[in-house]
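A short write-up of the structure that comes next.
There are 2 protein chains.
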Amino acid sequence: MEINIGIIGGMGPKATNQFLDRITELTDAANDQEHVRYILYSDPAIPDRIGAYFNGTKSPVDAINKGIDFLERNGITTIAIPCNTAHIWFSEFKAGVNLLNMVDLTVKAILDSGYKHPGFLATTATIKSRLYIKNLEEAGISAIIPEQEDTVMQAVKLVKLGEISRAKATLKPVVKELEDNGSDSIIMACTEIPVILNREDTELPLIDSDRILAEKIILSAGKRLKPYNK
Amino acid sequence: MEINIGIIGGMGPKATNQFLDRITELTDAANDQEHVRYILYSDPAIPDRIGAYFNGTKSPVDAINKGIDFLERNGITTIAIPCNTAHIWFSEFKAGVNLLNMVDLTVKAILDSGYKHPGFLATTATIKSRLYIKNLEEAGISAIIPEQEDTVMQAVKLVKLGEISRAKATLKPVVKELEDNGSDSIIMACTEIPVILNREDTELPLIDSDRILAEKIILSAGKRLKPYNK
């Protein structure tokens with residue numbers, strides 16, 4: 001059987017590695033051979049999403065479509081793009097295959113969860129584009145945007161520089177703000193966030209777009225999820 | 231410019247993720263765009279190397295050659311295979327491109343380092359095949375094989391099951407043995423080993439085949455290594 005799962009990564013590299021680790025850790029496998037087979041097209045040179053959204057610098061669409069073409073040409077039938085901000089341009093991606101929509105999958109998980117006041121951690125481009133917010137509002141859920149939105153961006157940039165412990169310290173007051181302002185959960189709507197924030201860092205339930213997409217990939221590959229125990 | 235770096239991964243998945251993380255962490259990059267671009271062909275279904283070597287089960291050669299074909303067909307010019315044990319079959323790999331030899335690169339690093347009595351952590355197949363040992367002996371260096379060789383295999387298997395902290399506890403007495411028996415350094419000649427063993431765990435210098443291959447990939451991609459500070 002051929003490999004049929006494709007991933008477009010590099011946005012950014014550390015977040016992609018975390019995503020691959022999620023796939024590995026969440027698969028119920030007793031040996032190497034029971035793990036997911038996939039092709040990763042990792043192109044960190046894909047133009048910066050934030051700059052494209054706010055400053056009109058080069059759009060990431062062509063570079064992402066090049067990756068999609070590459071994967072399709074090689075027989076891939078399901079593609080994941082583990083970068084929430086890139087999903088701003090989702091309608092411009094040219095896929096003749098099953099292109100998973102990370103935002104839709106996560107919004108569905110939020111609706112299923114029953115949380116009504118989720119705190120929202122994302123890049124400023126994801127926030128301003130109302131990528132998640134619009135879908136949630138339509139379902140009667142108002143996401144709580146932290147006042148310290150710029151601080152979230154700083155933490156994301158620190159992850160991209162490999163400064164994980166500094167990123168964690170930077171994000172801490174934002175998490176505190178969400179805990180204090182009535183959030184009943186936290187949506188991690190940027191793949192850099194779960195690199196630094198985990199269950200030890202807050203008592204609020206975490207809704208993790210990265211994990212949700214990883215689980216979808218495992219199931220799409222015909223593999224089993226590990227029993228949920230953490 | 232096209233992507234010209236290829237990686238064959240999945241042997242095992244956790245070790246591959248660690249290898250990708252090494253590439254990310256060791257690259258001197260101020261933003262996503264300065265990181266290495268690559269295609270990862272990740273096929274954990276590649277037949278088990280240990281079984282093939284000792285029990286004559288299916289050889290991994292055809293599956294690895296399929297990966298090499300895939301990468302070559304897509305314009306890749308440099309390929310890394312981050313699995314030491316797979317290098318037992320290196321002469322059977324069909325590459326028309328620059329196929330990096332992790333063992334040769336690491337042996338060169340050992341010779342450059344000047345260590346004369348390196349402790350040797352590897353799978354039993356790597357040990358019995360004398361993959362590193364022969365090259366080192368020819369240079370007058372006798373690698374010290376731990377008496378608790380089976381324990382190393384247990385630790386490797388635990389990594390493959392995602393049981394990292396148990397793997398660390400399992401490997402600890404072997405590291406103690408190497409410290410006590412006159413080893414002047416430790417060769418990590420299995421990509422599962424650096425997932426569990428790092429500089430905090432021993433005072434002996436670590437010679438890490440995974441890191442050496444990652445650095446070679448970064449340079450092959452025309453990127454810069456981070457200044458060495460740890």
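If you read the sequences in order, they're chains A and B. Position 159, counted from 1, in the first sequence is what this note's numbering calls 159; the numbers after and before it change by one each time, with no gaps. Whatever position you read off the second sequence (first residue = 1), add 230 for this note's numbering. Glycine included, each C-beta is placed from N, C-alpha and C at the ideal position. On a predicted model such as this, the values are computed, not experimentally measured, just so you know.
Kindly give me the distance between the Cβ atoms of residue i and residue j, rounded to whole angstroms, as I take these residues to be in contact under 8 Å.
{"i": "A/LEU71", "j": "A/ILE79", "result": "6 Å"}
{"i": "A/ILE187", "j": "A/ALA214", "result": "16 Å between Cβ atoms; not a contact."}
{"i": "B/VAL337", "j": "B/ASN365", "result": "5 Å"}
{"i": "B/THR307", "j": "B/ASN328", "result": "6 Å"}
{"i": "B/LEU401", "j": "B/ALA419", "result": "The Cβ separation is near 14 Å, so there is no contact."}
{"i": "A/ILE50", "j": "A/THR85", "result": "7 Å"}
{"i": "A/VAL152", "j": "A/VAL174", "result": "6 Å"}
{"i": "B/LEU351", "j": "B/LYS446", "result": "Going by Cβ atoms, the distance from B/LEU351 to B/LYS446 rounds to 21 Å, so no, they are not a contact pair."}
{"i": "A/LEU178", "j": "A/PRO146", "result": "6 Å"}
{"i": "A/GLU92", "j": "A/LYS223", "result": "Not a contact, Cβ separation roughly 31 Å."}
{"i": "A/GLY75", "j": "A/LEU40", "result": "About 15 Å separates the two Cβ atoms, so there is no contact after all."}
{"i": "B/ILE266", "j": "B/ILE298", "result": "A quick correction: the sequence has Val, not Ile, at residue 266 of chain B. Their Cβ separation, rounded to whole angstroms, is 19 Å, which puts B/VAL266 and B/ILE298 out of contact at 8 Å."}
Taking the beta carbon of residue i as the centre, do at least 16 other beta carbons fall within 10 Å, making it buried, or is it exposed?
{"i": "A/TYR38", "result": "buried"}
{"i": "B/ILE276", "result": "buried"}
{"i": "A/ASN17", "result": "buried"}
{"i": "A/GLU137", "result": "exposed"}
{"i": "A/TYR228", "result": "exposed"}
{"i": "A/LYS230", "result": "Because A/LYS230 carries a pLDDT of 45, less than 50, the predicted location of this residue cannot be relied on, and no value is offered for it."}
{"i": "A/GLU192", "result": "buried"}
{"i": "A/LYS176", "result": "exposed"}
{"i": "A/LEU225", "result": "exposed"}
{"i": "B/ARG360", "result": "exposed"}
{"i": "B/ASP342", "result": "exposed"}
{"i": "A/LYS94", "result": "exposed"}
{"i": "B/ASN261", "result": "exposed"}
{"i": "A/MET11", "result": "buried"}
{"i": "B/LEU449", "result": "exposed"}
{"i": "B/ARG441", "result": "buried"}
{"i": "A/ASP104", "result": "exposed"}
{"i": "B/SER395", "result": "exposed"}
{"i": "B/SER272", "result": "buried"}
{"i": "A/MET1", "result": "exposed"}
{"i": "A/ASP150", "result": "exposed"}
{"i": "B/ALA397", "result": "buried"}
{"i": "B/GLY370", "result": "exposed"}
{"i": "B/GLY326", "result": "exposed"}
{"i": "A/ALA15", "result": "buried"}
{"i": "B/ASP278", "result": "buried"}
{"i": "A/ASP62", "result": "exposed"}
{"i": "B/ILE258", "result": "Inspection of the sequence shows that residue 258 of chain B is occupied by Asp rather than by Ile. When all chains shown are included, B/ASP258 counts as exposed."}
{"i": "B/MET332", "result": "buried"}
{"i": "B/ALA399", "result": "exposed"}
Quick check on residue i - is its C-beta less than 8 Å from some C-beta in chain C?
{"i": "A/ASP21", "result": "Reference to chain C is not applicable here, since the protein chains of this structure are A and B."}
Using only the heavy atoms of the ligand SAH, determine whether one of them is closer than 7 Å to the beta carbon of residue i.
{"i": "A/LYS116", "result": "The model on display carries no ligand, and the ligand SAH is accordingly not part of it."}
Determine which residues of the stretch 262-275 of chain B have a Cβ less than 9 Å from any Cβ of chain A, and write them out in chain order. ASP262, GLN263, GLU264, HIS265, VAL266, ARG267, TYR268, ILE269, LEU270, TYR271, SER272, ASP273, PRO274, ALA275
Only counting runs of 3 or more residues, tell me where the beta strand (DSSP E) segments fall wholly within the stretch 319-395 of chain B, in order along the chain. 348-351
Could you name the residues of the stretch 136-153 of chain A whose beta carbon sits closer than 7 Å to any beta carbon of chain B, in the order they occur along the chain? none
Using 8 Å as the Cβ pair cut-off and three pairs as the minimum, do the stretch 250-259 of chain B and the stretch 285-303 of chain B touch? no
Considering only residues of the stretch 239-274 of chain B, which uninterrupted beta strand (DSSP E) runs meet the minimum length of 3 residues and lie entirely inside it, listed in chain order? 268-272
For the structure I just gave you, are there three or more beta carbon pairs, one from the stretch 177-185 of chain A and one from the stretch 111-131 of chain A, closer than 8 Å? yes
Quick one, which residues of the stretch 231-246 of chain B are near chain A if we go by CB-CB under 7 Å, in chain order? ILE233, GLY240, MET241, GLY242, PRO243, LYS244
Using a Cβ-Cβ cut-off of less than 9 Å, list which residues of the stretch 163-183 of chain A approach chain B; keep chain order. none
Contact residues within the stretch 194-221 of chain A, judged by C-beta distance below 7 Å to chain B: none
Which residues, in chain order, does the stretch 298-316 of chain B contribute to contact with chain A at a C-beta distance below 9 Å? PHE300, ARG303, ASN304
3-residue-minimum beta strand (DSSP E) runs that sit fully inside the stretch 276-304 of chain B, ordered along the chain: none
The stretch 331-345 of chain B: positions lying closer than 9 Å to chain A by Cβ: none
Which complete alpha helix (DSSP H) runs does the stretch 157-225 of chain A hold, if anything under 4 residues is left out? 164-180, 193-196, 209-220
For the stretch 56-68 of chain A, list every residue whose C-beta sits within 7 Å of some C-beta in chain B, in sequence order. none
Contact list for the stretch 123-136 of chain A against chain B, Cβ threshold 9 Å: none
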